[in-house]
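Chemist: Numbering (the numbering used here), first residue to last: 321 to 392. All C-beta atoms, glycine included, are put in the ideal place defined by N, C-alpha and C. Computed from a prediction, not measured in an experiment: that's the story for all the values here.
This is the structure we're talking about:
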């Protein structure tokens, strides 16, 4: 998969320049995540069909409760 160019940040990014979050980009078949503080570093890429499972696993180990914004 070619890394998509349509990166967006969560509305929960915080104040200032909003660089304390992850960014997400989607294509018809894949979803990619990257660190907004270091966008040139590696990305995590998932087939679109497995992204919801990734979020559920994350939710089980996190205090953050609203991942719905990433489902786009």
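1) Per DSSP, residue 328 forms a beta bridge with which residues?
2) With DSSP collapsed to three states, give me the class of residue 391.
3) Assuming contact is defined by CB atoms lying nearer than 8 angstroms, are residue 352 and residue 362 in contact in what I supplied?
4) Leaving out the 5 sequence neighbours to the left and right, which residues in its chain are closer than 6 angstroms to residue 327 when beta-carbon positions are compared?
5) Quick one: what's residue 359 bridged to in DSSP?
Modeler: Straight from the coordinates:
1) Assignment of beta-bridge partners to residue 328 by DSSP yields 344.
2) Only weak support is given to the placement of residue 391: the predicted model assigns it a pLDDT of 48, under 50, and the value that follows is read from those uncertain coordinates. The answer is helix: DSSP assigns residue 391 an H, G or I state.
3) Not closer than 8 angstroms, so no.
4) 343, 345.
5) Beta-bridge analysis with DSSP links residue 359 to no other residue.
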